[in-house]
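Asker:
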Amino acid sequence: MVETYVFGHKSPDSDTITSSIVMANLENELGNADAKAYRLGNVNKETEFILNYLNLEAPELLESIEDGANVILVDHNSPAESVDNLENANILKVVDHHKLALETSYPLFLRFEPVGCTETILCKLYEENNVEITKEIATLMLSAIISDTLLLKSPTTTEDDKLAVEKLAEIAELDAEEYGLEMLKAGTDLSSFTIDEILSLDAKQIDFKDVKSIVNQVNTADISDVMAMKDDLEEGMNKIIEKENLDLFMLLITDIVNSNSQVIALGKDADLVEKAYGVILENNTVLLEGVVSRKKQVVPIMTENA
6 MVETYVFGHK
16 SPDSDTITSS
26 IVMANLENEL
36 GNADAKAYRL
46 GNVNKETEFI
56 LNYLNLEAPE
66 LLESIEDGAN
76 VILVDHNSPA
86 ESVDNLENAN
96 ILKVVDHHKL
106 ALETSYPLFL
116 RFEPVGCTET
126 ILCKLYEENN
136 VEITKEIATL
146 MLSAIISDTL
156 LLKSPTTTED
166 DKLAVEKLAE
176 IAELDAEEYG
186 LEMLKAGTDL
196 SSFTIDEILS
206 LDAKQIDFKD
216 VKSIVNQVNT
226 ADISDVMAMK
236 DDLEEGMNKI
246 IEKENLDLFM
256 LLITDIVNSN
266 SQVIALGKDA
276 DLVEKAYGVI
286 LENNTVLLEG
296 VVSRKKQVVP
306 IMTENA
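Numbering (this note's numbering), first residue to last: 6 to 311.
#1: Look at His14 and His102 and say whether their C-beta atoms are less than 7 Å apart.
#2: Is it true that the CB of Ala149 sits closer than 7 Å to the CB of Ser16?
#3: By Cβ distance, which residues of its chain are closer than 6 Å to Pro84, with the 5 residues on each side in sequence left out?
#4: Whose C-alpha, out of Lys41, Leu251, Gly121, Arg299, is nearest the C-alpha of Asp166?
#5: Within its chain, find whatever has a CB closer than 8 Å to the CB of Asp180; leave out the 5 residues flanking it on each side and keep chain order.
#6: So, using beta-carbon positions, are Phe54 and Ala270 closer together than 7 Å?
#7: According to DSSP, which residues form a beta bridge with Ser159?
#8: The alpha helix (DSSP H) with Asn310 in it runs from where to where?
#9: Going straight from the alpha carbon of Ile228 to that of Thr109, what length do you get?
#10: According to DSSP, is Met255 part of a helix, a strand, or is it coil?
#11: Skipping 5 residues on each side, what residues in its chain have a beta carbon closer than 6 Å to that of Asp252?
#12: Going by alpha carbons, who is nearest to Thr162 out of Ala94, Val220, Glu124?
#13: From this set, Asn263, Ser266, Tyr10, which residue's C-alpha is nearest Asn37's C-alpha?
#14: Report the option in Glu294, Leu145, Glu279 whose CA atom is closest to the CA atom of Leu56.
#15: Work out the CA separation of Ile306 and Ile245 for me, nearest whole Å.
#16: Where DSSP assigns a beta bridge to Asp43, which residues make up the other side?
#17: Would you mind stating whether Val297 and Leu155 have Cβ atoms separated by less than 7 Å?
#18: Do Leu286 and Gly241 have their CB atoms nearer than 7 Å?
#19: In the DSSP assignment, the beta strand (DSSP E) including Leu293 goes from what residue to what residue?
Structure follows, in structure tokens:
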């Protein structure tokens, strides 16, 4: 049999890594024994916490794929965020909660839902296919939903996410609030990362109409800890702007406790942040109160005002 590569996006977060593992397991249970989870980058501290909690190894790193390779995409569908040579792959399935960006010349299985996390969709797929959700799988799913919805506080959170958390916490035998806060805080430890690593941890190229941009988001329990590195962060951001020929680099420093984000904005179109949010950047930064979701509270408003 030919191997099926299962993977999420580059600069992987907890949803991408756990969804790859969970989707590969579902495929195995449904008879595709050659499905295997992979990752397209280094795991972050939060994901490390999850994997260590379950005593699991991170999926193998995948840098490129051969022509005609069978692949399943989770937590993304944009080729810009995916593996090299995706255009020559045979995409079997996509399970995602982002907007549709993929075009193919052939039919395939697509499962897109406007929920807070890919794992919420996968939870449904397990149930629809009568596949048991084990304690380990439940913990992976639960962890990702907590991560993507910031303990169900993000505006991306839906009733489906809430129901999934309740169900999965029971199977995993975990207090979602207690475990989730410990997990989220573990993900805010940036002490071992270089500036370049911080700026690539959760970076996504998101163009606002003609404004070529990167939006990076890091979570923290204390914004001041990250802002202490502001000069070094700006130096690194400017290097990326020059290298990638960007119009804008937005760094969102999201406070997981108080649900606000400090933004550092650089580039010739940094004033788009001021226009979009009705704020004034002082020394390239401003606090965006109540903003925690890149997908719901950054991309739409920035695109509308571009």
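Cβ coordinates follow ideal geometry from the N, Cα and C atoms, glycine included.
Answerer: Answer, in terms of the structure:
#1: As a position in the sequence shown, residue 14 is number 9, starting the count at 1. As a position in the sequence shown, residue 102 is number 97, starting the count at 1. In this structure, His14 sits away from His102, with a CB-CB distance that is not shorter than 7 Å.
#2: Along the sequence shown, one-based indexing puts residue 16 at 11. Along the sequence shown, one-based indexing puts residue 149 at 144. Not closer than 7 Å, so no.
#3: Translated into the one-based positions of the sequence shown, residue 84 becomes position 79. Result list for Pro84: Leu91, in chain order.
#4: Against the sequence shown, residue 166 aligns to sequence position 161. The option with the nearest alpha carbon to Asp166 is Gly121.
#5: For the purposes of this step, residue 180 is identified with residue 175 of the sequence shown, where counting begins at 1. Excluding sequence neighbours, Asp180 sits near Ala174.
#6: Working through the sequence shown from its first residue, we reach residue 54 at position 49. Working through the sequence shown from its first residue, we reach residue 270 at position 265. When the beta-carbon positions are compared, Phe54 and Ala270 stay at least 7 Å from each other.
#7: In the sequence shown, residue 159 corresponds to position 154, counting from 1. According to DSSP, Ser159 bridges with nothing at all.
#8: Within the sequence shown, numbered from 1, the residue matching residue 310 stands at position 305. Looking at the DSSP string, the run of the alpha helix (DSSP H) that includes Asn310 is 304 to 310.
#9: Within the sequence shown, numbered from 1, the residue matching residue 228 stands at position 223. Within the sequence shown, numbered from 1, the residue matching residue 109 stands at position 104. Taking the straight line from one Cα to the other gives about 42 Å.
#10: Reading the sequence shown from its first residue, position 250 is the one you call residue 255. DSSP places Met255 in strand when its eight states are reduced to three.
#11: For the purposes of this step, residue 252 is taken as residue 247 along the sequence shown, with counting starting at 1. Same-chain partners within the cutoff: Val216, Lys217, Gly272, Lys273, Asp274.
#12: Here the question's residue 162 lines up with position 157 in the sequence shown. Comparing Cα positions, the closest option is Glu124.
#13: Numbered from 1 along the sequence shown, position 32 holds the residue referred to as residue 37. Of the listed residues, the one whose Cα sits closest to Asn37 is Tyr10.
#14: Taking the sequence shown and counting its residues from 1, one reaches residue 56 at position 51. Of the candidates Glu294, Leu145, Glu279, the residue whose Cα lies closest to the Cα of Leu56 is Leu145.
#15: Translated into positions along the sequence shown, residue 245 becomes position 240. Translated into positions along the sequence shown, residue 306 becomes position 301. Their backbone Cα atoms lie some 24 Å apart in a straight line.
#16: Here the question's residue 43 lines up with position 38 in the sequence shown. At residue 43 the sequence reads Tyr, which differs from the Asp that was named. Residue pairing by DSSP places Tyr43 opposite Glu65 in a beta bridge.
#17: As a first step, residue 297 is located in the sequence shown; it is residue number 292 there, counting from the start. As a first step, residue 155 is located in the sequence shown; it is residue number 150 there, counting from the start. Result yes, Cβ atoms of Val297 and Leu155 sit closer than 7 Å.
#18: Mapped onto the sequence shown, residue 286 falls at position 281. Mapped onto the sequence shown, residue 241 falls at position 236. Contact flag unset, no.
#19: Here residue 293 corresponds to residue number 288 of the sequence shown, with the count starting at 1. Taken as a continuous stretch (DSSP letters only), the beta strand (DSSP E) holding Leu293 covers 290 to 294.
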